[in-house]
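The next block holds one structure in the form of structure tokens; read it before the comments.
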Amino acid sequence: YLEGSALAQRLGTDYYRAAVYTAGNILMNPAALIRGVAKGLSDQVTIYEQTPITRIEYGAKTRLHTPKGILTATQVVHTVSAFAEAFGLAKQRLAPVFTYASLTDPLPADLMAEQFAHVRAWGLTSAHPAGSTVRFTPDHRIMVRNSFDFAPKLSHSPAQRQRAQQQHLRSLYARFPALAKRQIGFAHTWGGLLCMTRNHQPVFQKLNEQAYVVCGCNGVGVASGTYLGHYMAESMHGIDSDELAFIQAHSQPSWVPPEPIRSLGATWTLNREVRRAKGEV
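Sequence positions in the sequence shown follow the numbering used here and run 4 to 284.
Put into structure tokens, the structure is as follows:
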């Protein structure tokens, strides 16, 4: 537990009053993880990139149609996040939400010496789900992640991304006024799609002997996607366990109303949570 001057010295900002430090953890880039997994498995699996599935015919041999040909498989696991509904899966159970992040260039050496002289890389996760995630990276960049848009079309616009960047700047300058004085902004801003459920329980389902689905990781896909995938593989091979039974009992996502109620309700809920987060944004 850290607070006051000890916390400010660790972070390079006195914006935060208190924090809980969890030792033994690492900060991981999810994109780097995916690239690493793909490279590590490259001699054991075939990876088809830029190959959308346009149609599926289930059967003893399931046929997956793509623009470049047809793949056949005896078993198919759908891990397509919020796109599951496009495959006719998890209907009225999912709420697709975009969130956004911005990253600065490496901070100038004189600013590092002035404000971050003895600060090591760190990551902050807000106590409120709608608050900001902030990172100070090993190469002396600052990343801010906040802002949400309900995304029934599974996409976002440049205007939404620009609006999020402006909020990121407000969050950055509130925490680091020295950056505002130097007019240091963000070099990169991007958005990512979260697959949320109303009660925060995932979809973990056997459709038939040939097809399975895992989605609805509620913003923590690296962690929950890993263990859900592990136990789905065990389930497919008939391996039972207390952990699998627990997952199956707690994978009952709540019903989501149809449009336009879904969009109205989701947007209202997101805005309410951002207001509740207050200074944590």
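The beta-carbon is built from N, C-alpha and C at its ideal position, and this holds for glycine as well. The structure presented is a predicted model; accordingly, all values stated were derived computationally and were not measured.
Exercise for the section: Return the bridge partner residues of Gly72 from the DSSP annotation. Expected result: Thr69
Practice task
Pull up the distance between the alpha-carbon of Ala226 and that of Ala35, whole angstroms please.
Solution key: 15 Å
Handout entry: Backbone CA spacing between Ala41 and Arg66 [nearest angstrom]
Key = 23 Å
Exercise for the section: Whole angstroms is fine: what's the gap from Ala161's alpha carbon to Ile250's? Expected result: According to the sequence provided, residue 161 is Pro. The question's Ala does not apply to it. Rounded to whole angstroms, Pro161 to Ile250 spans 38 Å at the Cα level.
Handout entry: Val80, DSSP secondary structure in three states
Key = strand
Handout entry: Bridge partner(s) assigned by DSSP for Thr102
Key = Phe151 and Gly195
Handout entry: Classification of Val259 by the beta-carbon crowding that lies within 10 angstroms, buried from 16 upward
Key = buried
Problem - Where the beta strand (DSSP E) containing Thr229 begins and where it ends - result: Segment Gly224 to Met239 is the alpha helix (DSSP H) holding Thr229; no beta strand (DSSP E) there.
Handout entry: Rounded separation between Ala214 and Gln78 - CA only
Key = 6 Å
Problem - Member of Ser254, Gly282, Ala269 and Pro141 whose CA lies at the smallest distance from the CA of Thr107 - result: Pro141
Problem - Pair within 8 Å by beta-carbon distance, Cys220 and Ala87 - result: no
Problem - Pick from Ile29, Lys94 and Phe151 that is closest to Gly139, judged by C-alpha positions - result: Contrary to the premise, residue 139 reads as Phe rather than Gly in this sequence. Ranking Ile29, Lys94 and Phe151 by Cα distance to Phe139 puts Ile29 first.
Handout entry: Bounding residues of the alpha helix (DSSP H) (the contiguous stretch that carries Gln186)
Key = Taken as a continuous stretch (DSSP letters only), Gln186 belongs to no alpha helix (DSSP H), as it is neither H nor E.
Practice task
Can you tell me which of the three DSSP states Phe139 falls into?
Solution key: strand
Handout entry: Among Ser84, Val100 and Gly15, the one whose alpha carbon lies nearest that of Ala93
Key = Ser84
Exercise for the section: Please report the residue range of the alpha helix (DSSP H) in which Glu246 lies. Expected result: Asp245 to Ala252
Exercise for the section: Would you grab the beta carbon distance between Thr192 and Ala167 for me? Rounded to a whole angstrom, and I think it's under 8 Å. Expected result: 7 Å
Practice task
Would you check if the distance between the CB atom of Phe2 and the CB atom of Ala269 is smaller than 8 Å?
Solution key: As shown, the chain starts at 4 and ends at 284. That puts residue 2 outside it, with no answer to give.
Problem - Candidates His233, Glu283 and Gly15, of which the one nearest Ala116 by Cα - result: Gly15
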